[in-house]
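Numbering (the numbering used here), first residue to last: -9 to 275. Note that CB positions come from ideal geometry on N, CA and C, so glycine has one too. Take a look at the structure below.
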Ligand code: ZN
């Protein structure tokens, strides 16, 4: 199943993307894609039953309708740094011995095609195509063998980053990762059955039509079961939480000379089976 959210920012409603690409309003199923929903894996079966029954006559979402983040605001957005060796190299870092973990403010969450707002004072706003993992059942001290039982699905995420805020202003990376609009998520969450092999998905990102990133999840240093098990030793992962698993080479910081986004730039990105996003960079009002 592919879960999405549609409508104006702040008043999104749940929806589904059907196998033929049609998007339908799923308000009638009585759920939204939030912590309470993901906590009970049988809710997905109920939505499936609804879609096959009463949902067959649910309103179709008109093409061009705004999509919100595919999931409601979670308790946490946890990001993994330098999880591709080619990306670690381009930033001059040594590939890490243990996962590098940082947070992104949940207020950064936006829809997949919403404008990117370049924050005030920013000169180094950068892109990062990433595979996002959404937690299903609560995860605390889970083993790698059991980790995938705690996954509700996968999403496309652009982990926007302000490199000066992140790296030149002291303290933690969170400052360069949390600006408003820095977390476009969607267009939809795909449940695991929709993805043949999550460890072999092509991921790409273009700026103004030029390919900047062209990677594959097969090159993750720490794979998804490892990350879930690892994180769950330090914190409880709640249903609906988002783990962003890291970006391959080709970010603006790694270019020689570096390239950063300016108002009017167009960013497009995608991951096999998880759809595409398109953002236009705008100046902060
Ligand atoms: Zn990242």
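Query                                                                                                                                                                          : Result
Take the Cβ of residue 252 as the centre, count every other Cβ of all protein chains shown within 10 Å, and call the residue buried at 16 or more, exposed below.              : exposed
Taking the C-alpha atoms as reference points, what is the distance between residue 77 and residue 153?                                                                         : 14 Å
In whole angstroms, what separates the C-alpha of residue 141 from that of residue 213?                                                                                        : 13 Å
Let me know the secondary structure DSSP gives residue 32 once reduced to three states.                                                                                        : helix
Assuming residue 72 contacts residue 146 (C-beta within less than 8 Å), just tell me the rounded distance between them.                                                        : Not confirmed; about 20 Å, so no contact.
Who's in the neighbourhood of the ligand ZN, going by beta-carbon under 7 Å from any heavy atom, listed in chain order?                                                        : 69, 71, 118, 120, 149, 151, 234, 236 and 237
Taking the Cβ atom as the reference point for each residue, do residue 48 and residue 20 lie within a distance shorter than 8 Å?                                               : no
In or out: residue 150 buried (at least 16 other Cβ within 10 Å) or exposed?                                                                                                   : buried
Which residues in the same chain as residue 56 place their Cβ atom closer than 8 Å to its Cβ, once the five residues preceding and following it in sequence are excluded?      : -4, -3, -2, -1, 101, 103 and 104
Using the Cα positions of residue 235 and residue 216, report the straight-line distance between them to the nearest angstrom.                                                 : 11 Å
Excluding the 5 residues preceding and the 5 following residue 66 in the sequence, name in chain order all residues of the same chain whose CB lies nearer than 8 Å to its CB. : 93, 96, 225, 227, 228, 231 and 232
Give the secondary structure of residue 157 by DSSP, where H, G and I count as helix, E and B as strand, and everything else as coil.                                          : helix
Could you say if the stretch 185 to 195 and the stretch 27 to 34 meet the contact criterion of at least three C-beta pairs nearer than 8 Å?                                    : no
Answer with buried or exposed for residue 39, where buried requires no fewer than 16 other C-beta atoms within 10 angstroms of its C-beta.                                     : exposed
Among all the DSSP beta bridges, which residues are the ones paired with residue 164?                                                                                          : Answer is none; residue 164 lacks a bridge partner.
Assign residue 132 to one of three DSSP states: helix, strand, or coil.                                                                                                        : coil
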